[in-house]
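Numbering (this note's numbering), first residue to last: 551 to 852.
Every residue, glycine too, gets a C-beta built ideally from N, C-alpha and C.
Keep in mind the model is a prediction, meaning the values are calculated, not measured.
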Amino acid sequence: MLTTVYSNSRVDDETRRGLIFQGQVFVYSASPASSELIAFAQEMIAEAFGPLDPETAQFDMPVEEYTRLLADLKPAFIHHPRCRELLPAVFEDFGYDLAKTYYDVPRLRTSTSDDYLTSGISYAYHPHRDCWYSAPFSQINWWIPVYEVARENVMAFHPRYFDNPVRNGSGRYDYAVWSSVDRPNAPKHIYSDTREQPKPEESIELEPQVRIVPEPGGVIMFSGAQLHSTVPNTSGRTRFSIDFRTVHIDDVRARRGAPNVDASCLGTTLRDFRRATDLDGMPEELALAFESEARTLAHQDG
């Protein structure tokens with residue numbers, strides 16, 4: 551379970567990954583490359599919001615207009631060539647081997663204040679593990695705030711559940727359906743979100759919880775199997791953050807990762823990952839093997 555948060559640790563990456571797979575969390579100050587990444591994000595955000603302060607613009611815009619703005623801004627950031635240049639530099643800053651590092655696209659996230667927009671394109675995540683969403687157990691999550699954040703608008707870890715199962719709806723989740731149907735429809739869900747997403751199906755004790763408040767450009771690294779949630783934003787400011795995920799190819803091949811205590815979803819996100827050196831995709835045989843293992847597990851659970 552989560553017992554330790556490492557701050558600016560100097561351990562090597564293999565040791566760090568092993569500790570993350572045991573449920574520990576690593577936090578780092580902003581690096582030169584992560585500072586460049588958030589500066590680029592701030593430029594795109596400022597251009598999109600024009601004269602409005604992006605952190606308070608929600609109070610000056612109808613929610614429908616705000617949703618349309620994000621529907622343009624977020625994919626523009628995800629697919630911008632500058633992100634493909636900056637992310638490998640971020641990995642190098644934190645001691646990653648680029649030839650063995652695969653990553654998915656960097657997503658620009660928003661958490662608006664006072665329940666202004668909590669569904670669809672600005673979804674407020676209930677307690678969940680990424681592994682309920684077909685993520686590999688060797689996945690490491692990165693979370694980087696774009697502006698100053700506070701304890702009232704970050705995310706929370708729920709440490710008692712790292713190695714304790716939670717009854718959940720992952721058995722009804724199929725990543726192929728999510729990718730082709732549900733994810734593209736996110737901007738349509740303004741007032742509520744009816745998409746099938748794995749949620750706890752039992753009462754969750756939110757306390758004790760751990761909230762980490764990094765500086766802008768600071769990095770949190772944690773396991774995709776860590777139970778975490780979006781904190782109800784009561785700060786009066788919209789939180790902007792960047793997150794993405796990495797896997798080390800040796801971990802994927804060796805099935806090295808966090809334990810699976812309760813996930814039974816179908817499919818795999820492995821095909822979303824690209825090698826940091828040349829953007830080559832994950833070897834297909836690995837994706838097929840993980841899909842086969844997921845089907846077997848789902849059949850056993852069913």
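Does the separation of the CB atoms of residue i and residue j fall below 7 Å?
i                 : j              : result
aspartate 654     : aspartate 793  : no
isoleucine 690    : isoleucine 570 : yes
phenylalanine 712 : histidine 778  : no
isoleucine 694    : serine 581     : no
threonine 819     : serine 684     : yes
aspartate 680     : glycine 831    : no
valine 696        : alanine 591    : yes
tyrosine 652      : valine 797     : yes
proline 686       : serine 720     : no
Relative to the C-alpha of residue i, which residue among the options is closest?
i              : options                        : result
arginine 717   : Tyr578, Cys815, Asn558         : Cys815
alanine 826    : Thr617, Cys633, Leu620, Arg722 : Cys633
arginine 795   : Phe772, Glu702, Ser557, Thr784 : Phe772
glutamate 752  : His678, Arg618, Glu843         : His678
arginine 845   : Arg803, Leu620, Arg789, Arg722 : Arg722
serine 791     : Pro748, Val797, Phe627         : Phe627
serine 729     : Gly817, Gly786, Gln776, Asp643 : Gly817
glutamate 843  : Arg805, Arg824, Pro833         : Arg805
alanine 598    : Val769, Gly645, Asp622, Pro758 : Asp622
isoleucine 853 : Pro766, Lys650, Phe840         : There is no way to answer for residue 853, as the model of the chain reaches only from 551 to 852.
arginine 710   : Val561, Glu841, Glu757         : Glu757
valine 575     : Glu635, Leu667, Pro764, Asn810 : Pro764
glycine 573    : Met551, Asp563, Glu586         : Met551
histidine 676  : Val811, Glu615, Pro833, Gln776 : Gln776
Under the DSSP definition of a beta bridge, which residues are partnered with residue i?
i                 : result
tryptophan 692    : Met771, Phe794
histidine 678     : His778
phenylalanine 576 : Tyr556, Met771
arginine 825      : Tyr652
asparagine 714    : Per DSSP, none; premise fails for asparagine 714.
arginine 845      : Partner(s): none; arginine 845 has no beta bridge.
Pick helix, strand or coil for residue i, following the three-state DSSP scheme.
i              : result
leucine 658    : strand
aspartate 724  : strand
methionine 551 : coil
alanine 706    : strand
leucine 816    : strand
proline 750    : strand
tyrosine 616   : helix
serine 585     : helix
arginine 787   : coil
glycine 831    : strand
threonine 651  : strand
valine 802     : helix
arginine 634   : helix
valine 811     : coil
valine 699     : coil
valine 760     : strand
glycine 645    : coil
How many Å lie between residue i and residue j at the Cα?
i                 : j                 : result
histidine 739     : phenylalanine 609 : Summary for histidine 739: the model assigns pLDDT 41, below 50, so the residue's position carries little reliability; its value from the coordinates is reported in the next sentence. Each residue's alpha carbon lies about 20 Å from the other.
arginine 853      : methionine 594    : Outside the displayed range of the chain (551 to 852) lies residue 853, so it cannot be described from this structure.
glycine 807       : lysine 624        : 30 Å
glutamate 755     : aspartate 828     : 43 Å
asparagine 703    : valine 640        : 24 Å
alanine 736       : histidine 629     : Annotation note: pLDDT 47 at alanine 736 (below 50); position unreliable, coordinate value reported separately. Their Cα atoms are separated by approximately 17 Å.
threonine 617     : proline 750       : 27 Å
phenylalanine 568 : aspartate 665     : For the record, residue 568 in the displayed sequence is glycine; it is not phenylalanine. Each residue's alpha carbon lies about 37 Å from the other.
asparagine 883    : serine 579        : The requested residue 883 does not occur in the structure, where the chain is confined to residues 551 to 852.
leucine 838       : serine 688        : 16 Å
arginine 787      : glutamate 605     : 5 Å
asparagine 783    : serine 661        : 7 Å
tyrosine 556      : isoleucine 762    : 11 Å
arginine 803      : serine 785        : 43 Å
valine 613        : glutamate 642     : 39 Å
leucine 637       : threonine 553     : 29 Å
valine 561        : aspartate 801     : 18 Å
proline 631       : proline 656       : 11 Å
methionine 705    : leucine 836       : 32 Å
From the beta carbon of residue i, is the nearest beta carbon of chain B less than 7 Å away?
i           : result
alanine 826 : Going by chain labels, chain B is absent from the structure shown, which holds only one protein chain.
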